[in-house]
Each structure stands twice: as C-alpha cells, then as structure tokens.
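Engineer:
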Amino acid sequence: MEFQKNLLDYISHSLLTTNETISVAESVTSGFLQLAFSQMPNASLFYNGGVTAYNLSEKVKLLNIDKEQGLECDCVSPAITEDMAINIAKLFETDWGISVTGYCTPIRHSSYKLFCFFSFAYKNEIILTKKLELHPKTPSINAQLYYTEFILGCFKSEINKLLTLK
117 MEFQKNLLDY ISHSLLTTNE TISVAESVTS GFLQLAFSQM PNASLFYNGG VTAYNLSEKV
177 KLLNIDKEQG LECDCVSPAI TEDMAINIAK LFETDWGISV TGYCTPIRHS SYKLFCFFSF
237 AYKNEIILTK KLELHPKTPS INAQLYYTEF ILGCFKSEIN KLLTLK
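Taking the numbering used here, the leading residue of the sequence shown gets 117, the next gets one more, and so forth.
Printed below as a string of structure tokens:
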C-alpha cells in the first residue's frame with residue numbers, strides 16, 4: 117500500500133512553506149489518512165495527529181458530535197463530517213482539520229451503496245465538503261484507499277487555491 121509520493125511531497129512542502137498544521141478525524145478510512153500524513157517528509161513539523169472514531173459513542177466523546185444528530189444519520193452526513201473537521205482542529209489546535217465518514221461496505225444503513233462525506237476545516241471554518249460515491253461492488257480495502265487518495269488530491273487543490281490568494 118503506497119500513496120503517490122509526489123502528492124505526499126507536495127502537501128508536506130505546502131504545509132511547511134505556509135507554516136501551518138493539520139490533524140485528521142476519520143471513520144470509514146480507518147487510519148489510512150493518518151498513515152498517509154505520517155509518511156510525508158518532515159511530518160512531525162506540521163502533522164499533529166488524528167483520531168479514528170468508528171462508532172457513535174467515540175465520535176460523541178472524542179469529536180463532540182451531537183448524539184441525536186448522529187443517531188438520525190448513522191453518523192454519515194455532511195453536517196457530521198463538518199463537525200468532525202472543526203472539532204479535530206480544535207482538539208489538536210491545528211490550522212487545518214480533515215474529516216471523513218461513510219461506508220466501505222454496502223449495508224442497509226447506506227441503502228447498499230458505497231459513499232463517504234469528507235470536509236476540510238481551515239482556521240475554524242469549513243472550506244469544502246463533498247460526497248464521493250463508488251460502485252457498490254468495490255472491495256472495502258479498495259474503497260478505503262480510493263477515498264484516502266481522492267481526499268488527499270482534493271486537499272492539494274484547496275492548498276493551491278489558498279496559496280494563489282496569498
């Protein structure tokens with residue numbers, strides 16, 4: 117399992133150049149985003165850490181997710197992922213917070229579909245929330261890896277946008 121080296125290098129270089137920090141809250145990717153950030157050059161200078169919270173009680177306890185809201189949607193919604201992104205950045209005191217929640221196996225709660233929601237928080241504001249859908253027959257590990265690479269690619273694009281504004 118390898119992530120695109122140039123993608124990891126670019127993100128690392130960008131965060132180092134802007135002197136910004138990042139943290140990650142994930143569910144469906146179950147640590148793959150944290151793994152990717154840990155593989156980046158000089159990760160300890162910008163990556164403060166992450167949380168993998170796979171069930172409602174842990175999302176409530178660690179990421180301050182509203183329990184009732186989580187119950188209504190099985191913790192998979194744009195609002196949940198936005199709260200996760202904001203709250204992970206607060207928890208780790210970082211400029212950036214990335215979050216993802218969704219399904220990597222088709223189950224009743226997902227209407228037998230594979231999808232995730234992910235969000236980027238920057239300086240305590242949500243700057244991007246998206247839904248990513250995959251074919252329901254995608255093997256779960258492939259879904260998790262695809263979600264991770266896609267999220268990293270989108271993060272690179274968001275960094276580019278901010279760098280051109282500075």
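Idealized CB from N, CA, C, for every residue including glycine.
Fair warning: this is a prediction, and the values are worked out from it, not measured in the lab.
In whole angstroms, give me the CA-to-CA distance for Pro157 and Phe266.
Structural biologist: Counting from one through the sequence shown, the residue named residue 157 turns up at place 41. Counting from one through the sequence shown, the residue named residue 266 turns up at place 150. The alpha-carbon atoms of Pro157 and Phe266 are separated by roughly 20 Å.
Engineer: Based on DSSP bridge pairs, tell me the residues matched to Ala237.
Structural biologist: On the sequence shown, residue 237 is found 121 positions in, with the first residue counted as 1. Per DSSP, Gly213 and Ile242.
Engineer: Using 8 Å as the threshold, is the segment 173-180 in touch with the segment 196-208, meaning 3 or more CB pairs across them?
Structural biologist: The segment 173-180 is in contact with the segment 196-208.
Engineer: Which residues does DSSP list as the beta-bridge partners of Lys247?
Structural biologist: On the sequence shown, position 131 is the one that residue 247 refers to. Partner(s): Phe233.
Engineer: So, is Met117 buried or exposed, given that buried needs 16 or more other C-beta atoms within 10 angstroms?
Structural biologist: For the purposes of this step, residue 117 is taken as the residue at position 1 of the sequence shown. Low confidence applies to Met117: its pLDDT is 49, below 50, so where it sits in the model is not reliable enough to give any reading.
Engineer: Given a cut-off of 8 Å on the beta-carbon distance, is the pair Ala201 and Phe148 in contact?
Structural biologist: In the sequence shown, the residue the question calls residue 201 occupies position 85. In the sequence shown, the residue the question calls residue 148 occupies position 32. Against a cut-off of 8 Å, the Cβ pair of Phe148 and Ala201 comes out as no contact.
Engineer: Taking all protein chains shown into account, do 16 or more other C-beta atoms lie within 10 angstroms of the C-beta of Gly269, making it buried, or fewer, making it exposed?
Structural biologist: By 1-based counting over the sequence shown, the position of residue 269 is 153. Exposed, since its Cβ has fewer than 16 Cβ neighbours within 10 Å.
Engineer: Contact check, Asp279 vs Ser128 under 8 Å by CB: the rounded distance?
Structural biologist: Here residue 279 corresponds to residue number 163 of the sequence shown, with the count starting at 1. Here residue 128 corresponds to residue number 12 of the sequence shown, with the count starting at 1. Correcting the residue identity first, residue 279 is Leu in this sequence and not Asp. In fact, because the Cβ distance is near 14 Å, the residues do not count as touching under 8 Å.
Engineer: Helix, strand or coil for Ala205, going by three-state DSSP, please let me know.
Structural biologist: Locating residue 205 in the sequence shown gives position 89, where the first residue counts as 1. Helix, per DSSP.
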